[in-house]
Each structure stands twice: as C-alpha cells, then as structure tokens.
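Some notes on the structure that comes next.
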C-alpha cells in the first residue's frame, strides 16, 4: 500500500489534469491533518475527488445535487472550527450557489474553501453551459474573497496546502483537461505573489491556469524573431500582485494578459485596474471575447476562440508594433 502521508509530484513536461492533483492532495491531507472536511455535490468523479471518497469516506459529507444547501451547510460547518472544503462544477458553485457563498460565507468571513472544476474552454465537450467563463469575475467581485487559478498540477497541490492555512473564504479553480506541468516539487507557492517564470525586456505576458504553458510556448516562438518576452504566472487573481504588475509596466514595453476566461472581469481586468491606478501602460487582452463557449475538444477550442499560444504571440507583436 502506498504511504499517502508522502506526497508525490509529477515531472515538468508531463501532461496532467489538475483534477488528478486534487484527488491526490485530498487523500494526502486527509492523512496528515484533521482540521478539515470535504463537502461534495455528487460530482466527485468529475472534480477529481473520488480518491478521497474511496480512501476516507469518514472525511466526506455528501449533499447530492443540492449546491445551495451544501454552501449554506458549509457556513455552519465552519462555525464548528472545522475547515469546509466545498467542491462542485464552477457553473453550480459560482452561479447557482453564488448568493449562499456571498452572504452566508463571505459576508460573515467564514473560513470556507470553494474548489471548482469545469471552468473555461478547458471543459471541452461538455459545452457552453458547463464552460464557466465568468467565475473569476464573479468571485473576485465579492469582498474579502481570495481567488486562485494554479498553473499546473504541482502548483495546485502547493496552493491547496496554502489555502488550508489561510484564514478566510477562498475560491480556487480545478482544471479538467490534461495540461503541461511547468513546476517541479520545489516550487514555492505564496498566496498573493506572482511568479516570474521567464525574464524578458520587450513585453510581459501575465498568464494564469492553462495559459501559462501556452505563454511560455509563445515566448519561445517570439525569441526566434528576436523578441524578448517576460512570462509571469499570476496564479493569485485576488489579491493581485501589484509590485509585479508595476515592475512589468516600468521595465517592459507593454503587457499582455492571457486567461481561459471572458476578457471582461477576469485577470486581465484586475491587471488593468492596477495599471490605471499605479502605472498606466499599453495592454492587450487574450481571452474569450465576451461570448459563450461551445462543445469541442479541449485541444481544438483554444485556437477557435483565440486563446492558444499563437494568439498570445500575436498580441505581443501587436503591442510592439503600436510603439
């Protein structure tokens, strides 16, 4: 039997779904700390939480497809001193149960962690109703809520440990489709801090989630054309890392945001708000252009909706041409 108290990581370059990391870190944390409980809306197979339900059913509260009730119950659980980790699809956790999360959890400052899968075009064939392209916008607009979108499976596991230690309500994305692992097990994740993965002087790409490896691919392609691209992983959307944003504006010729989300209200908007107040700079937004998604393979949809590595590279070229 594998010793679940020893956490294993994936190697950089492997293609891994973040939901696989969710299952792994849940089992690990169930074996190493007793201060939290898992709340499920009968979708553990989709979110990646099934390994926990199989290994430690004593740590699970099952609510069926009653997300609003589950969110209200999480508020009550938090008052006992346990940390509720609530999980469902983003369309249900961020929309259907939005009022309960806002009022019963965030307004009261309760220590609840909401981890949702099925967001962005990363969902693929499940189509527009499940492709939550508005979650970063709606969750970051709620006062005192921390919003996190990890770059890969390894960073997700680091982030999960961090949010359990963090006091207060948190929303964190769980990726569904396989994506390239960027970080090794020595990566140091800190809530509220961006990570500069690659330095450059001409333009900065701030990327989050599945867009991080795409931004790195774009930077490599642009290097062949003599363009130096800084790539920053903005895994914490709220609170935004103001220092890193201002540094990019001061030190490079422009900023590109890259996210698997509507261009309205997400990470790009958060960066633009920061720039407008502290250091205005030229900016381009790579994201879904204010439209619903559609059913398709996760490998095909990014190009169709203009959020692939090529779109990131083109946005960088556009900024430099405008100088």
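In the working numbering, the protein residues as written are 44 to 366. Each residue gets a CB set at the ideal place from its N, CA and C atoms; glycine is no exception.
Query                                                                                                                             : Result
Beta-carbon contacts of residue 326 that lie in its chain and below 8 Å, excluding the five residues immediately before and after : 297, 298, 299, 300, 311, 314, 315, 318 and 362
Three-state secondary structure (DSSP) of residue 112                                                                             : helix
Any 3 or more C-beta pairs closer than 8 Å across the stretch 177–184 and the stretch 217–227                                     : no
Residue interval of the alpha helix (DSSP H) (run including residue 61)                                                           : 61–75
For residue 348, three-class secondary structure by DSSP                                                                          : helix
Contact check, residue 190 vs residue 280, beta carbons under 8 Å                                                                 : yes
Residue 88 in three-state terms, based on DSSP                                                                                    : helix
Residue 212 burial status per 10 Å Cβ neighbour count (16 or more: buried)                                                        : buried
Cβ neighbours of residue 52 in the same chain (closer than 6 Å, five flanking residues each side left out)                        : 197 and 228
Proximity below 8 Å, CB of residue 199 to CB of residue 130                                                                       : no
For residue 249: DSSP bridge partner residues                                                                                     : 275 and 300
DSSP-derived helix/strand/coil call for residue 363                                                                               : helix
Buried versus exposed call for residue 335 [16 or more other C-beta atoms within 10 Å across all chains shown]                    : exposed
Contact set for residue 303: own chain, Cβ-Cβ below 7 Å, skip 5 residues either direction                                         : 163, 164, 165, 252, 253, 254 and 350
The stretch 112–120 in contact with the stretch 141–154 per 3-pair CB rule at 8 Å                                                 : yes
Chain-order list of residues whose beta-carbon lies under 6 Å from that of residue 45 (same chain, five-residue window excluded)  : For residue 45, the predicted model reports a pLDDT of 47, less than 50, meaning its position is unreliable; a value from the coordinates is still stated below. Correct list: empty, nothing qualifies.
Residue 343, buried or exposed, once every other Cβ within 10 Å from all chains shown has been counted against 16                 : exposed
Residue burial classification, residue 143 (beta-carbon count within 10 angstroms, cutoff 16)                                     : buried
Inter-residue Cα distance where the pair is residue 368 and residue 359                                                           : One cannot answer for residue 368 here, as it falls past the ends of the chain, which runs 44 to 366.
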